[in-house]
Amino acid sequence: MKLATLCYVIDKRNNSALMIYRNKKQNDYHVGKWNGLGGKFEPGESPEECAIREIEEESGLKVKSVRMKGFITFPLFDGKDDWYVFLFTADEFTGELIDSPEGKLEWILNEKLMELNLWDGDKIFIPWLFKEGFFSAKFNYENGKYVKHDVSFY
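Numbering (my numbering), first residue to last: 41 to 194.
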């Protein structure tokens, strides 16, 4: 079982989200895909602490706070482990973007997000991040291909 966060930093002034094109790490399961920022928990971290740390490590931006928007279970996503992912948005930040160790960072207009090379499940849940409320979902993949999902909205 893996615990992780996934955060979408939103620039309200420019109606865009910070995305990362994964192209730098060896053996990256997400290579060639665009993702939000995030990663695995370190010992003792809360989901919020993990998201804030990962945003800074991957982008150089410091966020004041994050807002939890959802929780997704990905059974055997990588073929080895179940992934439990806390999803956040953040729209207050300071700092300058760095040359990320994960990939190429880019501000993408919100209306262009679905045009990126995303995981198929991401195309389903990203719009939920821009709505009020909270969701809990399970996305099933087999051999890297989306199969189905179930969701509850709160």
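Every residue, glycine too, gets a C-beta built ideally from N, C-alpha and C.
All of these numbers come straight from a predicted model, not from anything done at the bench.
Burial state of residue i, where buried means 16 or more other Cβ atoms lie within 10 Å
{"i": "Lys109", "result": "buried"}
{"i": "Asn54", "result": "exposed"}
{"i": "Tyr69", "result": "exposed"}
{"i": "Asn75", "result": "buried"}
{"i": "Val49", "result": "buried"}
{"i": "Gly161", "result": "buried"}
Residues bridged to residue i (per DSSP)
{"i": "Leu195", "result": "For residue 195 there is no data in the structure shown, the boundaries of the chain being 41 and 194."}
{"i": "Val182", "result": "Correcting the residue identity first, residue 182 is Glu in this sequence and not Val. Glu182 pairs with Lys185."}
{"i": "Tyr48", "result": "Thr129"}
{"i": "Lys42", "result": "Trp123"}
{"i": "Ala177", "result": "Ile112 and Val191"}
{"i": "Arg93", "result": "In DSSP, Arg93 forms no bridge with anything."}
Where residue i sits in the DSSP three-state scheme
{"i": "Leu116", "result": "coil"}
{"i": "Ser99", "result": "helix"}
{"i": "Lys73", "result": "coil"}
{"i": "Gly79", "result": "strand"}
{"i": "Arg53", "result": "coil"}
Distance between beta carbons of residue j and residue i, contact taken as under 8 Å
{"i": "Val125", "j": "Ile112", "result": "5 Å"}
{"i": "Gly135", "j": "Leu101", "result": "5 Å"}
Segment contact, 8 Å Cβ cut-off, at least three pairs: the region 140–149 with the region 95–104: yes
Does the structure place the region 81–94 close enough to the region 157–174 that three or more beta carbon pairs sit under 8 Å? no
With a threshold of 8 Å, are at least 3 pairs of Cβ atoms found where one atom belongs to the region 56–72 and the other to the region 153–162? yes
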